[in-house]
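The sequence shown begins at 37 in the working numbering and counts up by one.
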Amino acid sequence: MAAGGYIRIGISGWTYKPWRGVFYPEGLPQKRELAYAAEHFRSVEINGTFYGLQRPESFARWSEETPDGFVFAIKGSRYITHMRRLKDIEVPLANFFASGPLRLGPKLGPILWQFPPRMVFDPQRFESFFKLLPRNTREASALAERHDERLAGRALTRTDAVRPVRHAIEIRHESFRTGAFIELLRRYNIALVCADTPEWPLLMDLTADFVYCRLHGSEQLYASGYDDAALDRWAERVRAWAEGREPEDANRVLRPTRPRDEGRDVYVYFDNDAKVHAPFNAADLAARLGIGEALRREKRKPPKRSQSSPEPARLAQT
């Protein structure tokens with residue numbers, strides 16, 4: 037019996053006022069919200085990194101507030117993807133990696149690079165970007181050393197160990213629905229984000245040794261929830277990916293890949309946060325996969341402190 041990939045079901049961000057008293061218990065201090073979320077989920081996306089450069093001490097605090105085995109996905113800087121649109125980004129990329137991600141150590145998970153809806157596929161521009169991306173923490177450390185004066189006195193460029201650095205690309209324009217883009221991602225082992233939305237391409241081509249999903253709400257962006265039938269479908273997809281297979285209903289550009297005997301790690305983040313669906317949908321999906329407990333919508337009681345978190349699950353292949 038071969039082991040499948042790790043499965044991590046989580047949420048996109050954790051600081052949302054409407055969640056207080058619904059997902060977060062009444063009276064829970066805001067500074068305890070990450071720790072509370074980490075008691076229920078194996079991973080979260082850090083959204084603040086998209087909007088501006090953070091500081092190493094912030095990454096240190098997030099690492100300290102979460103248990104061993106927890107993993108953060110980090111959203112890449114919009115200055116690189118939305119403002120510079122991948123032009124002349126060597127220094128901004130160095131600044132991003134010098135701002136503190138390496139401080140997460142073993143809790144550093146995939147880096148998500150999200151592109152704006154009007155950005156079209158430019159093969160040369162994207163391949164140049166892919167060539168710049170570090171593949172491990174040693175390369176990330178070397179890249180971070182090239183930061184500019186903006187990070188003087190506040191840069192962190194050291195790594196405590198050599199670990200892989202994974203990257204995922206979220207696209208929002210139909211021009212990416214082409215075999216050339218899929219093949220380019222495969223060449224560099226970069227995951228194509230499976231993004232479930234009512235507005236942008238939903239593609240499930242496998243392009244890396246892991247899978248990255250963002251569930252934004254299939255009917256109303258950031259707002260609609262997932263019912264039992266939808267969560268059942270996503271659970272089946274996650275099982276297939278973790279076992280190294282492809283889902284039977286996969287929407288692809290190219291032909292299916294060959295089964296991967298060792299499976300694939302799978303990261304799923306719920307971003308339908310506007311009406312507090314995200315944490316409950318994430319917990320429901322995890323429960324379907326046998327790696328967590330479903331949550332009920334009710335007035336939340338004051339929490340008990342917990343110092344542990346379940347290890348990420350592996351699906352067994354038969």
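Virtual Cβ for every residue (Gly too), placed ideally from N, Cα, C.
Bear in mind that the values here come from a model prediction, so they are computed numbers and not experimental data.
Practice prompt. Leaving aside the five residues before and after residue 247 along the sequence, list all residues of the same chain whose C-beta is less than 6 Å from its C-beta, in chain order.
Written response: 277, 300, 302
Worksheet item: residue 203: which of 78, 321, 110, 56 sits nearest, CA to CA?
Response: 110
Discussion item. Can you look up residue 345 in the DSSP assignment and give me helix, strand or coil?
Written reply: Unreliable positioning characterises residue 345 in this predicted model, as indicated by a pLDDT of 46, which lies under 50. The coordinate reading is nonetheless provided below. Coil at residue 345, not helix or strand.
Fill in: For residue 203: DSSP bridge partner residues
147
Worksheet item: Between the Cα of residue 236 and the Cα atoms of 298, 162, 296, 154, which residue gives the shortest distance?
Response: 154
Practice prompt. Identify which residue in 45, 85, 311 has its Cα closest to the Cα of residue 150.
Written response: 85
Worksheet item: What residues in its chain sit with their C-beta under 7 Å from that of residue 186, if we drop five residues either side in the sequence?
Response: 131
Worksheet item: Candidates 241, 250, 295, 324: which alpha carbon is nearest residue 269's?
Response: 324
Discussion item. For residue 152, which residues in the same chain have their Cβ closer than 6 Å to its Cβ, ignoring the five residues on either side in sequence?
Written reply: 118
Discussion item. The alpha helix (DSSP H) that contains residue 266, what's its start and end?
Written reply: 264 to 278
Discussion item. Just to confirm the assignment, what range does the alpha helix (DSSP H) spanning residue 217 have?
Written reply: 215 to 223
Item to complete: Locate the alpha helix (DSSP H) running through residue 175, then write down its first and last residues.
Response: 173 to 180
Discussion item. Along the chain, where does the alpha helix (DSSP H) containing residue 312 start, and where does it finish?
Written reply: No alpha helix (DSSP H) holds residue 312; DSSP gives it neither H nor E.
Fill in: Beta-carbon proximity list for residue 54, same chain, < 7 Å, skipping 5 on both sides
312
Discussion item. My assumption, with CB atoms under 8 Å, is that residue 306 sits in contact with residue 47. Please give the rounded CB distance.
Written reply: 6 Å
Worksheet item: Can you give the beta carbon distance from residue 45 to residue 97, rounded, assuming they're within the 8 Å contact cut?
Response: So it is not a contact: roughly 24 Å between Cβ atoms.
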